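The next block holds one structure in the form of structure tokens; read it before the comments.
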Amino acid sequence: MGLFSFIKEAGEKLFGGKPAQAATAAAPSAQDLNAQAAQAITTYIQAQNLGLEDLQVTFDGSEGKVTVRGVAPTQAAKEKVTLCCGNVASVQSVDNEMTVTQPEPEAQYHDVVRGDTLSAIAKKFYGDANKYPVIFEANKPMLTHPDKIYPGQKLRIPAL
């Protein structure tokens, strides 16, 4: 599947902010911060109920890179893990090393830009704006509503 790039400033705010940036005498080490970020991403992935086994997530804050390992039941679940990791603020790349128990063809991806709608994306990839529910379903549960996409977000575009 390879290494996927994401926009570092876009995405879910799972960690960081003022508490993470506060400089104190007993400030946590970079290793501790990376472990906390990896745990936050792990918790976010597990909340999606994708049926994963042996999930292992590491985060390297200096590179903004997430590496994920484990077993996904389907290619779609594996791709959703990539999106869960990458659509998090401060993540620039995802190395998804998961294996799949039921291999199938990989989906295409689309980086959302200002003015995009799921209908416009469906028109671009499928030639039919009314196929937007296919894209919405392919990105659930990360997407909760077809109108709630944002610039910088990466979406799965499955084959019809």
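Numbered according to full-length UniProt numbering, the sequence shown spans residues 1 to 160. A virtual CB, placed ideally from N, CA and C, is assigned to each residue, including glycine. No experiment lies behind these values; they were computed from the predicted model shown.
Consult DSSP for residue i and reduce its assignment to one of helix, strand or coil.
{"i": "N96", "result": "strand"}
{"i": "A72", "result": "strand"}
{"i": "K65", "result": "strand"}
{"i": "V81", "result": "helix"}
{"i": "Q36", "result": "helix"}
{"i": "Q48", "result": "coil"}
With a 10 Å radius around its C-beta and 16 neighbouring C-beta atoms as the bar for buried, classify residue i as buried or exposed.
{"i": "K80", "result": "buried"}
{"i": "residue 235", "result": "With the chain covering only 1 through 160, there is no way to say anything about residue 235."}
{"i": "L160", "result": "exposed"}
{"i": "G86", "result": "buried"}
Please report the distance separating the alpha-carbon of residue i from that of residue j.
{"i": "K148", "j": "G64", "result": "25 Å"}
{"i": "T67", "j": "D54", "result": "14 Å"}
{"i": "L83", "j": "S62", "result": "20 Å"}
{"i": "A37", "j": "H145", "result": "26 Å"}
{"i": "V113", "j": "Q56", "result": "31 Å"}
{"i": "Q70", "j": "M142", "result": "Going by the sequence as given, residue 70 is Gly instead of Gln. Cα to Cα, G70 sits roughly 20 Å from M142."}
{"i": "L33", "j": "A129", "result": "43 Å"}
{"i": "Q153", "j": "D111", "result": "6 Å"}
DSSP beta-bridge partners for residue i?
{"i": "E53", "result": "V71"}
{"i": "G29", "result": "Residue 29 is actually Ser in this sequence, not Gly. Bridge partners of S29: none, in fact."}
{"i": "T58", "result": "T67"}
Open item on the list: Runs of 3 residues minimum, wholly inside the UniProt domain "LysM" (108 to 157): which ones carry the beta strand (DSSP E) assignment?
Closed with: 108 to 111, 154 to 157
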